[in-house]
Amino acid sequence: MYSVRKVTEDITWVGASDRRLSLFENIYPVPGGVSYNAYVLLDEKTVLLDCVDRAVSDQFLENVSHVLAGRSLDYLVINHMEPDHCAAVEEIVLRYPDVQIVGNAKTFTMLKQFFAFDVDKRAVQVKEGQTLCTGTHTLSFAMIPMVHWPEAMVTYDLTDKVLFSADAFGTFGALRGNLFADEYRFEREWLDEARRYLVNIVGKYGAQILAALKKVEALDVQVIAPLHGPVWRENISWFVEKYRTWASYLPEDHNVLILYASIYGHTESAVNALAGMLADAGEKNIAMYDVSVTDPSYLLAECWRCDRIVFACPTYNAGIFPRMETLLAELAAHNFQNRRCVVMEQGTWAVSSGKQIREILSGLKKMDIYEPVLTVKSSLKEEQLADLSGIVEFLTH
Ligand SMILES: Cc1cc2nc3c(=O)[nH]c(=O)nc-3n(C[C@H](O)[C@H](O)[C@H](O)COP(=O)(O)O)c2cc1C
Ligand SMILES: [Fe+2]
Ligand SMILES: [Fe+2]
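With this note's numbering applied, the sequence shown corresponds to residues 214 to 610, in that order.
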């Protein structure tokens, strides 16, 4: 059965959600599922904007066919070539053989790499600022390279003032009938997942996101229609500001985040003592995670959210405990920066994890790292509480 929602009089959402997927991109857990959005514009010409992932392509094809209601498909606009959106392209071409495909030069290079059908005979190549008239609607195109691949672009409908934003403004999470962000308690139910999506998928490309935001600002956008998650028609500037904060590597909340690894519990015990002292000092909403328990994608998102971070970690075979090492590598790979940090190391015979963690953190931009690294030998001792007080002082003043 088809399942579609109107975005405007002429534009209909024809996407679908996957609630079975365990790992998005085969790496990020998605316990709340994920949606793949696509849109049909019915004008004098018919236009399909993007496709979907293989997992939901049957539902999508049924939706497209229902909305077209017997009409042929004139254009397929490909804003983003990643297979979570393009897996169904070949099926669209087979069903609508006269369709013309709209994309930029890089889109067509990738399309030919992924598919064997005749791309050239269908290609309508567009450049930055170019427009396509479909009757009463005019579509214009703007490039947003590296949000999230080099060929990524956005399409703006000048008539309905809808921005088809590709992966930008997307979030993890399946849709539940409701399409618009204002139909959900977004801040309560979606914001954490929107942050986790942004940080992990495109967190590395803050500068490119800011460049894309500049282009968006130049337009009169009434609706943002992303490729994942809810569509925005209210409070757009609130969400755009969130994006600007995340892309600028600015913390969102004045909160302490404690990230620890512990094999036998002594490091955990030490950070519990620290957390209690922070609470005594008036610190509220302290966040604390065992890095062996929580997937790094959540921890990365928390690092983006909080302004002060404590890393506590045992030495493990003369190195950093592996789960913590993974997290630090992820932070570095995502260009993480601009935080106040404390490092606590643990070990029983040759303690070195702290020095190694400090070295990694020093390689990131604008990190304010507390000196010295606190060294705990096997278990925290009464006389070290003064050292914890120094840390609390640094974090709270
Ligand atoms: C496999 C393994 C390797 C370890 N390697 C080191 C090491 O190279 N240097 C060291 O000082 N301690 C080493 N340790 C000790 C840990 O750092 C130890 O777990 C810690 O002192 C106690 O903290 P915890 O209770 O939070 O795990 C190792 C422990 C394990 C289980
Ligand atoms: Fe993508
Ligand atoms: Fe995507």
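Even glycine gets a Cβ: it sits at the ideal position worked out from N, Cα and C.
Quantities reported herein were computed from a predicted structural model and do not represent experimental measurements.
Minimum C-alpha distance to residue 349 - residue among 371, 339 and 563: Position 136 of the sequence shown, counted from the first residue, corresponds to residue 349. Minimum Cα distance to residue 349 is reached at 371.
Is the beta carbon of residue 547 within less than 7 angstroms of some heavy atom of ligand 2? Locating residue 547 in the sequence shown gives position 334, counting from the first residue. False, no ligand heavy atom lies under 7 angstroms from that Cβ.
Measuring alpha carbon to alpha carbon, tell me which residue in 424, 362, 366 and 480 is nearest residue 355. For this step, residue 355 is matched to residue 142 along the sequence shown. Just measuring C-alpha positions, the residue of 424, 362, 366 and 480 sitting nearest residue 355 is 366.
Does DSSP put residue 355 in a helix, in a strand, or in coil? Along the sequence shown, read from residue 1 onward, the residue named residue 355 stands at position 142. Correct three-state label for residue 355: strand.
For the stretch 463-482 against the stretch 436-449, are there 3 or more C-beta pairs whose distance is under 8 angstroms? Result no; under three Cβ-Cβ pairs closer than 8 angstroms.
Length-filtered (3 minimum) beta strand (DSSP E) runs lying within the stretch 423-510: When DSSP assignments are scanned along the stretch 423-510, the uninterrupted stretches of beta strand (DSSP E) that are 3 or more residues long and fall wholly within it turn out to be 436-438, 466-473 and 500-503.
I'd like to confirm something about residue 256: is its beta-carbon nearer than 7 angstroms to some heavy atom of ligand 2, or not? Numbered from 1 along the sequence shown, position 43 holds the residue referred to as residue 256. Residue 256: no, Cβ never under 7 angstroms from ligand 2.
Could you name the residues of the same chain whose beta carbon sits closer than 7 angstroms to that of residue 217, not counting the 5 residues immediately before and after it, in chain order? Position 4 of the sequence shown, counting from 1, holds the residue named residue 217. Within the same chain, residue 217 has close Cβ partners 225, 226, 227, 276, 279 and 280.
For residue 546, does the count of other Cβ atoms within 10 angstroms reach 16, so buried, or fall short, so exposed? Taking the sequence shown and counting its residues from 1, the one referred to as residue 546 is at position 333. Classification for residue 546: exposed.
Would you say residue 591 touches ligand 4, meaning its beta carbon is less than 7 angstroms from a heavy atom? Here the bound small molecules are ligand 1, ligand 2 and ligand 3; ligand 4 is not part of this structure.
My output table needs one value for residue 366: the three-state DSSP class, helix, strand or coil. Locating residue 366 in the sequence shown gives position 153, counting from the first residue. The three-state secondary structure of residue 366, taken from DSSP, is strand.
Thinking residue 528 and residue 566 are a contact (beta carbons under 8 angstroms), I'd like their distance in whole angstroms, please. Working through the sequence shown from its first residue, we reach residue 528 at position 315. Working through the sequence shown from its first residue, we reach residue 566 at position 353. Between residue 528 and residue 566 a beta carbon distance of about 4 angstroms is seen, short of the 8 angstroms cut, so the two are scored as contacting.
Could you give the distance in angstroms between the alpha-carbon of residue 553 and the alpha-carbon of residue 256? If you number the sequence shown from 1, residue 553 lands on position 340. If you number the sequence shown from 1, residue 256 lands on position 43. Approximately 53 angstroms, taken between the alpha carbons.
In chain order, each beta strand (DSSP E) run of at least 3 residues that lies wholly inside the stretch 256-289: Segments of the beta strand (DSSP E) lying fully in the stretch 256-289: 259-262.
List the residues that DSSP assigns as beta-bridge partners of residue 230. As a first step, residue 230 is located in the sequence shown; it is residue number 17 there, counting from the start. In DSSP, residue 230 forms a bridge with 248.
Counterpart residues of residue 296 in DSSP-defined beta bridges: Here residue 296 is taken as the residue at index 83 of the sequence shown, counted from 1. Bridge pairing for residue 296: absent [DSSP].
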